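A short worksheet on the structure shown next.
Protein chains in written order, with this note's numbering: chain W, 17 to 247; chain C, 696 to 1059.
Right, dumping it as structure tokens:
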């Protein structure tokens, strides 16, 4: 099975092609960027499919992150995944951006038997973080839903054992409970190659929907009309 | 149509997500440059925005992302066309709300890449401007009044990708003026239809409003002062009865029609100077072109100038994807295609050489 995976949720754009017949990651690209994913993603997908020596007809499955992340960034990858599914008639599997970061952390835990679980904290701005915890074994099972919390609220969630902690807001969380967390400072952003490696184990579940975790900024408008005669 | 004739047709998928309508359409263009609509689906998001009294950009972007792929599927099914028959995909890349534009353009880029077909990034205003080519088979040059919720412009259309802006609004767009008037008077949004309906039952002579910009040299518009005048007159008579509201709407609409007719008349003169001959064809497009009183006023103006009058059918006046597909087909026929790293342009004037009108904001 050939998998095309990509992510634009946070401050990066990445894409990868993975084959589960033992070849593993056949091509991947990762570029940090705060904006510009709407321009870069589609050419990048084209490049990784080319580099992998495949055509789009060879792709059997799409994998995409659904958020949390920036609203616009999250929609870019979702729009691309939905269009790919429509134009190629292939299934889409999804993971949270935080789970993909956790997958990256998991690759570095071999010599750390004291680490009981993995947590990821991505900067959500406005003094909050996007937060999710995962078990170390068992295919990185999520221990909670992705949430948006203050760093302090997030820090209080680790109850037993040492957590490996990554993501762009890892330090902001760890300083509230330094003894509980081992920070992987170099692991900040999701990478599509990790998502691609996860994808064979995820069940397709229809059209992917963005996971925003926050409502749209909008307030109902009142008091603009001039008084009308009441009966 | 015989298969050999069909073979000469180019089939374009169009995508529109620049404001609060999600739309997809399939349009065919034959080798003689004539078009026909195979399908055109528009899904209004208005119910999602209604509680907020106006379009909320983030709500719009979310709604586009949720349903665009379905709309494309439906439009293709209605056209009886599979992806193997699509020759190019076009999307509105601006002007408009950036979040929605990104959803539409990324979707179009993805389809273009996977199917190995050209992408045509289309200017939403150009799509409005070229619609009469699809509906009436009209070729440029022509004088165009483009009136919508976001834009109010007079353009001399020389041809695809070639426009001279003769006038623009220096403050509110005309559709916006209707919306704000409706809001002020407690009428439902969108304001165009509700103000028009109230105006029909009102007496335009009771509240005579100022006619903005009358006689000015440049063919610019201004509606902010008119809005203030409506507010002042309304406050004087508050609380307002239904009759008061109807009369205020009638007074407002009469002032709008007088101002628009005067500004368009000025544009006829400017266009004739540029063309070296009188304007033969006058076109009105955009959502406000659905207003019947405006249509009649402009039809009369065209007649008085010895010019033919054209207005697209109502369903093609508001935002739609058939016009995007058609503009895409017109550009494709001239080799004007876009790279897969094309940017969206929230602000994208049709005539980039036109100076900003004094006092004008981003809508100019």
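Where is the CB? At the ideal position from N, CA and C, for every residue including glycine.
None of the values given here were measured: they were computed from a predicted structure.
Chain-order list of residues whose beta-carbon lies under 8 angstroms from that of residue i (same chain, five-residue window excluded)
i                      : result
residue 44 of chain W  : 30, 31, 32, 33, 64, 207, 208, 209, 212
residue 904 of chain C : 921, 924, 925, 928, 946, 947, 949, 950
residue 696 of chain C : In this prediction, residue 696 of chain C has a pLDDT of 49, which is less than 50 and means its spatial position is unreliable; nothing more can be read from the coordinates.
residue 84 of chain W  : 25, 90, 112, 113, 114, 138, 140, 146, 162, 164, 227, 228, 229
residue 58 of chain W  : 96
residue 889 of chain C : 877, 882, 883
Whole-angstrom C-beta distance between residue j and residue i, which should lie under 8 angstroms
i                      : j                       : result
residue 830 of chain C : residue 1011 of chain C : 6 angstroms
residue 706 of chain C : residue 719 of chain C  : Actually they do not touch by this definition, with Cβ atoms about 13 angstroms apart.
residue 974 of chain C : residue 954 of chain C  : Residue 974 of chain C to residue 954 of chain C, Cβ: 19 angstroms. No contact.
residue 716 of chain C : residue 738 of chain C  : 7 angstroms
residue 61 of chain W  : residue 808 of chain C  : 7 angstroms
residue 799 of chain C : residue 711 of chain C  : 7 angstroms
residue 801 of chain C : residue 203 of chain W  : Actually they are not in contact, since the Cβ atoms of residue 801 of chain C and residue 203 of chain W sit about 27 angstroms apart, beyond 8 angstroms.
Extent of the continuous beta strand (DSSP E) to which residue i belongs
i                       : result
residue 863 of chain C  : 857–863
residue 888 of chain C  : Residue 888 of chain C -> not in any beta strand (DSSP E); alpha helix (DSSP H) instead, spanning 886–895.
residue 62 of chain W   : Element bounds for residue 62 of chain W: not the beta strand (DSSP E) but the alpha helix (DSSP H), 53–67.
residue 35 of chain W   : 28–35
residue 823 of chain C  : Here residue 823 of chain C belongs to no beta strand (DSSP E); instead the alpha helix (DSSP H) covers 819–830.
residue 148 of chain W  : 145–151
residue 1004 of chain C : 1003–1005
Range covered by the alpha helix (DSSP H) that runs through residue i
i                       : result
residue 16 of chain W   : Nothing can be reported for residue 16 of chain W: it is not among the residues displayed for chain W, which extend from 17 to 247.
residue 1021 of chain C : 1017–1028
residue 768 of chain C  : 752–774
residue 938 of chain C  : 937–970
residue 794 of chain C  : 793–810
Minimum C-alpha distance to residue i - residue among the options
i                       : options                      : result
residue 967 of chain C  : C:811, C:1036, C:861, C:786  : C:861
residue 160 of chain W  : W:148, W:152, W:123, W:227   : W:148
residue 839 of chain C  : C:994, C:1034, C:748, C:811  : C:994
residue 163 of chain W  : W:125, W:227, W:233          : W:227
residue 846 of chain C  : C:824, C:857, C:775, C:772   : C:824
residue 68 of chain W   : W:142, W:42, W:55, W:61      : W:42
residue 976 of chain C  : C:749, C:712, C:710, C:850   : C:850
residue 1018 of chain C : C:844, C:809, C:815          : C:815
residue 913 of chain C  : C:810, C:937, C:1008, C:1051 : C:1051
residue 769 of chain C  : C:1033, C:734, C:1045        : C:734
residue 20 of chain W   : W:48, W:77, W:37, W:143      : W:77
residue 129 of chain W  : W:234, W:48, W:198, W:46     : W:198
residue 857 of chain C  : C:762, C:1029, C:760, C:998  : C:1029
residue 1 of chain W    : W:86, W:80, W:54             : Since the first and last residues shown for chain W are 17 and 247, residue 1 of chain W lies out of range.
residue 869 of chain C  : C:881, C:1043, C:915, C:748  : C:915
residue 821 of chain C  : C:936, C:1020, C:885, C:729  : C:1020
residue 911 of chain C  : C:865, C:895, C:930          : C:865
residue 221 of chain W  : W:50, W:36, W:82             : W:82
Beta-carbon proximity list for residue i, same chain, < 6 angstroms, skipping 5 on both sides
i                       : result
residue 978 of chain C  : 827, 837, 839, 1005
residue 1061 of chain C : Here chain C has residues from 696 to 1059 only, and residue 1061 of chain C is not among them.
residue 1000 of chain C : 963
residue 173 of chain W  : none
Beta-carbon contacts of residue i that lie in its chain and below 7 angstroms, excluding the five residues immediately before and after
i                      : result
residue 996 of chain C : 956, 959, 960
residue 70 of chain W  : 18, 33
residue 185 of chain W : 137, 138, 139, 145, 167
residue 901 of chain C : 942, 946
residue 835 of chain C : 852, 853, 854
Any non-hydrogen atom of the ligand FMN within 7 angstroms of residue i CB
i                      : result
residue 837 of chain C : The ligand FMN is absent from the structure shown, which contains no ligands of any kind.
Taking 8 angstroms as the cut-off, does the region 874–886 of chain C touch the region 984–1004 of chain C (at least 3 CB pairs, one atom from each stretch)?
no
Examine the Cβ distances between the region 134–152 of chain W and the region 175–194 of chain W and report whether three or more of them are shorter than 8 angstroms.
yes
Cβ contact (3+ pairs, closer than 8 angstroms) linking the region 783–800 of chain C and the region 753–764 of chain C
yes
Segment contact flag, the region 1027–1045 of chain C with the region 734–749 of chain C, C-beta cutoff 8 angstroms, min 3 pairs
no
Contact between the region 1006–1021 of chain C and the region 770–789 of chain C is defined here as three or more beta-carbon pairs at a separation below 8 angstroms; is this criterion met?
yes
Between the region 120–130 of chain W and the region 100–108 of chain W, do at least 3 Cβ pairs fall closer than 8 angstroms?
no
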